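For reference, the structure discussed in these notes is given below.
Chains as they are written, first to last, in my numbering: chain A, 1 to 117; chain B, 118 to 231.
Structure, rendered in structure tokens:
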């Protein structure tokens with residue numbers, strides 16, 4: 001079964017540094033998402049991306065964050081200047097079409113654990 | 118914004134049937150109801166999705182009453198490996214046709230005991 005893959009599985013960085021989290025969505029999917037989960041808390045929506053542009057973003061997704069689909073396969077999340085509170089699991093997801101049409105659920109990767117020191 | 122309410126936690130024993138109910142009073146006409154399972158340090162995994170009445174797959178059943186203001190995920194004969202957090206989600210449309218986000222609630226932490 002095709003799956004969403006994320007790299008690296010664990011990233012440690014110092015406060016103020018830039019990080020890029022990488023994702024390879026399922027190949028025929030058109031909608032891409034980033035979510036994050038702070039340890040012990042719920043999964044939070046960050047951003048959705050379709051047709052090479054951001055469709056929707058949450059209040060968490062401020063100017064420090066950006067997303068890009070640099071080629072036909074990768075989908076990246078960049079945090080420009082990391083803060084301690086950015087430490088979390090970051091999950092990438094993809095779907096083949098809008099969720100409101102049946103049988104098109106989000107498929108999640110297993111995440112990148114980001115630790116900011 | 119269709120919010121969901123689920124029990125925070127549930128306990129069960131191996132071999133029992135587990136039913137987790139979710140309320141979503143403000144569900145919109147074209148929203149689907151989707152359930153995900155999450156193990157520690159893993160991404161959420163799709164379990165089942167439905168719009169109305171009953172849906173069954175190899176893993177679970179989903180019961181949705183006519184008013185669609187709630188839904189019940191049924192896990193038959195749970196095993197220890199079903200210990201996880203279960204999320205009920207309802208679609209949340211964004212600003213345009215291509216804009217969409219799913220909002221996770223706090224989920225239900227299911228503990229299956231031997």
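Built from N, CA and C at the ideal position, the CB exists for glycine as well. Please read all numbers here as calculations on a predicted model, not as lab measurements.
- The C-beta of residue 123 (chain B) comes no closer than 7 Å to any C-beta of chain A.
- Counting every other CB atom within 10 Å of its CB across the protein chains shown gives residue 10 (chain A) a total below 16, marking it as exposed.
- Looking at the DSSP output, residue 88 (chain A) shares a beta bridge with A:114.
- Chain-ordered, the chain B residues with CB closer than 8 Å to the CB of residue 107 (chain A) read 163.
- Three or more beta-carbon pairs separated by less than 8 Å are not found between the stretch 59-72 of chain A and the stretch 118-133 of chain B, which leaves the two stretches without contact.
- Burial check for residue 183 (chain B): the Cβ neighbour count within 10 Å stays below 16, so the residue is exposed.
- Residue-level contact check: residue 43 (chain A) touches chain B, since one or more beta carbons of chain B fall below 7 Å from its beta carbon.
- Not a single C-beta of chain A is nearer than 7 Å to the C-beta of residue 187 (chain B).
- At a cut-off of 7 Å between C-beta atoms, residue 28 (chain A) does not count as an interface residue with respect to chain B.
- Think of a sphere of 8 Å around the beta carbon of residue 221 (chain B): the chain A residues whose beta carbon falls inside it are 35, 42, 43, 44, 45, in chain order.
- The contact set of residue 75 (chain A) on chain B, defined by CB atoms closer than 7 Å, is empty, because the minimum CB distance reaches about 14 Å.
- Below 8 Å, too few C-beta pairs join the stretch 127-139 of chain B and the stretch 30-48 of chain A to call them touching: fewer than three.
- The stretch 10-27 of chain A and the stretch 75-82 of chain A touch, with no fewer than 3 CB-CB distances between them shorter than 8 Å.
- The C-beta of residue 65 (chain A) comes no closer than 7 Å to any C-beta of chain B.
- When C-alpha distances from residue 125 (chain B) are compared across B:204, B:208, B:149, the shortest belongs to B:204.
- Taking every protein chain shown into account, the CB of residue 89 (chain A) has 16 or more other CB atoms within 10 angstroms, so this residue is buried.
- Pairing residue 225 (chain B) with residue 200 (chain B), the inter-Cα distance amounts to about 10 Å.
- CA-to-CA, the gap between residue 145 (chain B) and residue 165 (chain B) works out to about 19 Å.
- With respect to chain B, the C-beta atom of residue 110 (chain A) has a partner C-beta closer than 7 Å.
- For residue 170 (chain B), no Cβ of chain A is located within less than 7 Å of the residue's own Cβ.
- When Cβ-Cβ separations below 7 Å define contact, residue 32 (chain A) makes no contact with chain B.
- Pairing residue 115 (chain A) with residue 171 (chain B), the inter-Cα distance amounts to about 42 Å.
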